[in-house]
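Residue 341 in the UniProt record's numbering is what sits at position 341 of the sequence shown, and the numbering runs on without skipping anything. Notes follow the structure.
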Amino acid sequence: MAKRAHFEPVDVKVDFPALERTLLEHWHKKGIVKKYLEKNKNSKKYFSFLDGPITANNPMGIHHAWGRTYKDLWQRFKNMQGFKQRFQNGFDCQGLWVEVEVEKELGFKSKKDIEKFGVAKFVQLCKDRVKKYSGIQTEQSKRLGYFMDWDHSYYTLSDENNYMIWHFLKKCHEKGLIYKGHDSVPWCPRCGTAISQHEMLTEDYKETTHDSVYVQYPLRGRKDEYLLVWTTTPWTLPGNVAVALDADRDYVAATGNIARNTYYLNEYAAKRLGLNIEKKVKGKELVGLKYVSPFDSLSRIKKSLGQYEHAVVATDEKILPVSEEEGTGLVHVAPGAGSEDFQIGKKLFLTSFLINTAIPPAGDVRPNLFGGWLMNGT
């Protein structure tokens with residue numbers, strides 16, 4: 001008769017966190033972490049690792065733990081292969097992530113509140129928050145079993161870091177690698193500052209649904225002929241400099257059922273809008289046509305444009321792609337009101353006609369600026 005397998009009883013109420021803490025304490029007491037970090041200190045093989053720092057503004061989130069697990073895993077793998085490494089953790093200390101949290105603590109609603117409170121005092125509170133949460137994040141990382149040289153973490157607010165940045169910029173300047181110019185960047189009206197694409201993607205910015213408009217631009221020297229442009233940002237229309245299209249694509253001249261105006265747009269949009277197609281034209285045939293903008297009579301725009309006349313230009317699909325399905329195939333270009341517009345304007349030498357739109361830094365449209373207006377150049 002075969003013997004029955006015998007299993008020791010298993011405690012179904014194991015306190016796993018307690019076991020983890022015991023193991024972590026054992027590793028540190030026995031110097032295992034230190035031995036791990038120094039294991040390959042004399043190796044001739046070197047693996048370069050630079051920790052992309054997380055922001056020390058709050059306790060770590062699950063996404064931080066996830067990222068740090070991958071970093072630790074990769075470094076352990078390289079350590080097992082005998083590579084010497086720099087096990088230095090980093091903390092990002094600048095930016096809106098820290099500043100907005102301090103604003104919340106103080107009950108501030110805008111940039112003016114910071115200025116009234118005192119910039120120097122506000123900066124010190126930001127530094128205090130970084131110090132507090134870098135300590136918390138360090139302990140959380142240790143708790144994960146993340147092996148790093150925690151006594152020598154780098155901070156982006158340190159004098160050493162900032163001196164090195166200025167040194168780097170100085171060298172670039174000496175080599176002629178830096179120039180002064182313009183750019184178009186996202187702007188946060190609440191914070192009163194430019195923001196990065198990363199901040200837009202990681203903070204509480206949301207896409208919204210809102211009305212769009214069709215604008216008809218009269219062509220110069222062509223009676224009752226118009227470019228039909230579609231835009232989701234009508235507040236940027238005062239900054240219009242050009243209309244971009246795909247020179248290799250087919251467009252149509254179409255008419256409505258009531259007014260006999262002729263509109264140039266792509267065939268897909270003409271059918272969607274119920275227009276009557278009269279003829280087809282290549283985009284390149286429209287390039288160079290001049291048109292009138294509805295805001296050309298405003299003194300600020302007159303001054304900015306000088307002798308320049310609005311014109312149809314060929315886009316660069318790598319910079320400003322023209323969609324077949326969305327819009328009309330004709331894109332309103334305002335170099336001062338968007339990154340893609342600025343880049344295509346720069347390529348086509350249109351950025352010298354930068355026009356400030358009607359939106360002040362606070363983000364509020366001037367009262368009655370667009371209310372009741374028909375966006376028509378006539």
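Beta carbons are placed, not taken as given, at the ideal position from N, Cα and C, and that holds for glycine.
Original post:
Taking the C-alpha atoms as reference points, what is the distance between residue 56 and residue 98?
Top reply: 7 Å
Subject >> Start-to-end residues for the alpha helix (DSSP H) that takes in residue 7 >> reply: Note, residue 7: premise wrong, no alpha helix (DSSP H); not H, not E.
Subject >> Distance, residue 236 Cα to residue 141 Cα >> reply: 46 Å
Original post:
Once you ignore the five residues that flank residue 134 on each side, which residues in its own chain have a CB closer than 6 Å to its CB?
Top reply: 56, 91, listed in sequence order.
Subject >> Separation of residue 266 from residue 190, as counted between CA atoms >> reply: If you take the alpha carbons of residue 190 and residue 266, they lie about 39 Å apart.
Original post:
Just how far apart, CA to CA, sit residue 375 and residue 215?
Top reply: Note that residue 375 has pLDDT 39, beneath the 50 cutoff, so the model's placement of it is unreliable and the number below is only indicative. Within the model, the alpha-carbon separation for residue 375 versus residue 215 is close to 5 Å.
Subject >> Burial state of residue 378, where buried means 16 or more other Cβ atoms lie within 10 Å >> reply: With a pLDDT of 34 at residue 378, under the threshold of 50, the predicted position of this residue should be treated as unreliable, though the coordinate-derived value follows. Residue 378 comes out exposed.
**OP:** Would you list, in sequence order, the uninterrupted beta strand (DSSP E) runs of no fewer than 3 residues that lie entirely inside the segment 194-233?
**Re:** 213-218, 225-231
Original post:
Pick from 239, 201, 50: whose alpha carbon is nearest that of residue 148?
Top reply: 50
Original post:
Anyone know if the C-beta pair for residue 54 and residue 137 falls short of 8 Å?
Top reply: At a Cβ-Cβ threshold of 8 Å, residue 54 and residue 137 count as neighbours.
**OP:** Pick helix, strand or coil for residue 107, following the three-state DSSP scheme.
**Re:** coil
**OP:** Please go through the same chain and pick out, in chain order, the residues whose beta-carbon is closer than 7 Å to the beta-carbon of residue 64, but skip the five residues on each side of it.
**Re:** 54
Subject >> Euclidean distance between Cα positions of residue 314 and residue 350 >> reply: 13 Å
Original post:
Ends of the beta strand (DSSP E) at residue 245?
Top reply: Counting along the chain, the beta strand (DSSP E) containing residue 245 begins and ends at 242-245.
**OP:** Please list the segments of the beta strand (DSSP E) lying wholly inside the segment 269-303, counting only runs of 3 or more residues, in order along the chain.
**Re:** 276-282
**OP:** Count the other C-beta atoms from every protein chain shown that fall within 10 angstroms of the C-beta of residue 5, then say buried if there are 16 or more, exposed otherwise.
**Re:** Label assigned to residue 5: exposed.
**OP:** Might you give, ordered along the chain, the residues of its own chain that have their beta carbon closer than 6 Å to the beta carbon of residue 18, omitting 5 neighbours on each side?
**Re:** none
Original post:
So what's residue 349 in DSSP terms, helix, strand or just coil?
Top reply: coil
Subject >> Three-way DSSP call (helix, strand, coil) for residue 91 in this model >> reply: strand
**OP:** Just tell me which of 38, 39, 331, 12 has its CA closest to the CA of residue 319.
**Re:** The alpha carbon of residue 319 has as its nearest neighbour, out of 38, 39, 331, 12, the alpha carbon of 331.
Original post:
Any Cβ of chain C within less than 8 Å of the Cβ of residue 343?
Top reply: As a matter of chain content, chain C is missing from the structure shown, which is built from one protein chain.
**OP:** To the nearest angstrom, report how far apart residue 16 and residue 103 are at their CA atoms.
**Re:** 39 Å
Original post:
Skipping 5 residues on each side, what residues in its chain have a beta carbon closer than 6 Å to that of residue 7?
Top reply: Counting only Cβ-Cβ distances below 6 Å, and skipping sequence neighbours, we find nothing.
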